[in-house]
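One structure is given here, and the rest of the page talks about it.
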C-alpha cells in the first residue's frame, strides 16, 4: 500500500532527512541513472504524483512525471525511522 504525498511535504522531507539513493527511470524502457538532489528538486516541480511506500527498513518515494512525451519515474530511497 502507498500514500500520496504533496510536493511541498516531500520537499520538506528531503531538506530534513536527505535521501539514501536517487534514480531517474524511463518507465517504458526500464533504463535508469543516478541523479543528484538538484535534479530531483527540478522533477518535483513538474511531477504528477508522489507516492510513498514504507517497510521496516526503507521508505521509497516514487515521483511520477512526463518529459518529452515519455513517462518517467524518479525513485528515492531513504532510511525509515
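Numbering (our numbering), first residue to last: 14 to 94.
Backbone N, C-alpha and C fix where the C-beta goes; we use that ideal spot for every residue, glycine too.
Which residues in the same chain have their Cβ closer than 6 Å to the Cβ of residue i, if we skip the five residues on either side of it in sequence?
i	result
residue 66	15, 73
Please confirm whether residue i and residue j have their CB atoms less than 7 Å apart.
i	j	result
residue 81	residue 40	no
residue 63	residue 48	no
residue 38	residue 71	no
Which value, in whole angstroms, describes the spacing of the CA atoms of residue i and residue j?
i	j	result
residue 54	residue 94	23 Å
residue 79	residue 29	27 Å
residue 59	residue 20	10 Å
residue 22	residue 42	30 Å
residue 57	residue 45	17 Å
With distance defined between alpha-carbon atoms, name the residue in the options nearest to residue i.
i	options	result
residue 69	58, 91, 87	91
residue 51	79, 27, 78	27
In this structure, what does DSSP give as the bridge partners for residue i?
i	result
residue 91	72
residue 35	89
residue 55	DSSP, once it has assigned bridges, lists no residue as partnering residue 55.
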